[in-house]
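Structure first, then comments.
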Amino acid sequence: MNARTFTLAMMAGGALLVAAPIWSGYAPRFIWNASASVPIGLYSVEPATGIAVTDFAIVMPPDELAAFLAERGYLPKGVPLIKRVFALGGETVCREGRIIIAYGGRYAVAREHDSRGRPLPIWQGCRKLHHGEVFLMNWDAPDSFDGRYFGPLPVTTIVGRAVPVWTADDTDPAADDVSAQPATSGP
Numbered sequence: 154m155n156a157r158t159f160t161l162a163m164m165a166g167g168a169l170l171v172a173a174p175i176w177s178g179y180a181p182r183f184i185w186n187a188s189a190s191v192p193i194g195l196y197s198v199e200p201a202t203g204i205a206v207t208d209f210a211i212v213m214p215p216d217e218l219a220a221f222l223a224e225r226g227y228l229p230k231g232v233p234l235i236k237r238v239f240a241l242g243g244e245t246v247c248r249e250g251r252i253i254i255a256y257g258g259r260y261a262v263a264r265e266h267d268s269r270g271r272p273l274p275i276w277q278g279c280r281k282l283h284h285g286e287v288f289l290m291n292w293d294a295p296d297s298f299d300g301r302y303f304g305p306l307p308v309t310t311i312v313g314r315a316v317p318v319w320t321a322d323d324t325d326p327a328a329d330d331v332s333a334q335p336a337t338s339g340p
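Here the sequence shown stands for residues 154 to 340, where the numbers follow the working numbering.
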């Protein structure tokens, strides 16, 4: 088994461990994240109430997005994502070319192709998020498949809040620099 297959298997296994209790009605207290799009480590699972900008959200992707993720081999259907909340209803998020802009600044650059050279989805223009919409983007993870490709999602896709307990991260010092994070006083 090569490193990529092992990593994908670990990510899928970890995600299934998160999803199984959700499917069974049991709410897990802790989850392990093996994906590099958020810091790898142990998270406590909190209710989805009171989600705020910069929170880590546990998200069940809508059917169309879930099908795309499964087709590309990114994540099996029925498995949740962990993504950062970048913007909530009332905020405007733009994609101009490959640049994601909000809060008066540039926050991320979208890639044109995934690691296998396949084209990634593109949306363009500005979207003022409606009440009940969320824009998920891990601004400190340039390879994250997130809102820079799929745009805003209904806030109802968030099934929990992931709170870091222990992470093996701190690979990007900018992640701790509040000037590089979206405004939390937003909407």
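Heads up, the beta-carbon is just placed ideally off N, CA and C, and yes, glycines get one too.
Paired residues, beta bridge with residue i - DSSP
i: TRP185; result: LEU195
i: VAL246; result: ALA255, ARG280
i: GLY285; result: For GLY285, which the question treats as bridged, DSSP gives no partner whatsoever.
i: ARG314; result: GLU199, ALA210
i: VAL238; result: LEU289
i: THR320; result: GLY194
i: LEU306; result: VAL287
i: VAL262; result: ILE252
i: PRO272; result: HIS266
Sequence-distant residues of the same chain with beta carbon closer than 8 Å to residue i, five excluded per side
i: ALA263; result: ARG248, ARG251, ILE252, ILE253, LEU273, ILE275, ARG301, TYR302
i: SER268; result: ASP296
i: LYS230; result: ALA219, ALA220, LEU222, ALA223
i: HIS266; result: PRO272, LEU273
i: GLY194; result: TRP185, ASN186, PRO317, VAL318, TRP319, THR320, ALA321, ASP322
i: PRO215; result: LEU306, PRO307, THR310
i: ILE204; result: ALA210, VAL238, LEU241, VAL287, VAL308, ILE311, ARG314
Beta-carbon spacing of residue i, residue j below 9 Å
i: SER190; j: ASP296; result: yes
i: PHE288; j: PHE239; result: yes
i: VAL318; j: PHE221; result: no
i: GLY285; j: VAL308; result: yes
Counted within 10 angstroms of its Cβ, other Cβ atoms place residue i as buried (16 or more) or exposed
i: SER188; result: buried
i: PRO233; result: buried
i: LYS236; result: buried
i: ALA261; result: buried
i: GLU217; result: exposed
i: THR310; result: buried
i: ASN155; result: exposed
i: PHE298; result: buried
i: GLY145; result: No information on residue 145 is available, as it lies outside the stretch 154 to 340 that the chain covers here.
i: GLU224; result: exposed
Neighbourhood of residue i by C-beta distance below 7 Å, restricted to the same chain and skipping five residues each side
i: GLU199; result: GLY313, ARG314, VAL316
i: ASN291; result: SER190, VAL191, LYS236, ARG237, SER297, ASP299
Same chain, Cβ closer than 6 Å to residue i, neighbours up to 5 away in sequence not counted
i: VAL246; result: ALA240, ALA255, ARG280, PHE288
i: MET213; result: PRO233, THR310, VAL312
i: ALA294; result: SER190
i: LEU228; result: LEU222
i: PHE159; result: none
From the options, residue whose alpha carbon lies closest to that of residue i
i: THR320; options: GLY226, GLY257, PRO192; result: PRO192
i: ARG259; options: LEU306, PHE159, PRO335; result: PRO335
i: ALA201; options: ILE211, ASP293, GLY257; result: ILE211
i: GLY243; options: THR158, PRO305, ARG157; result: PRO305
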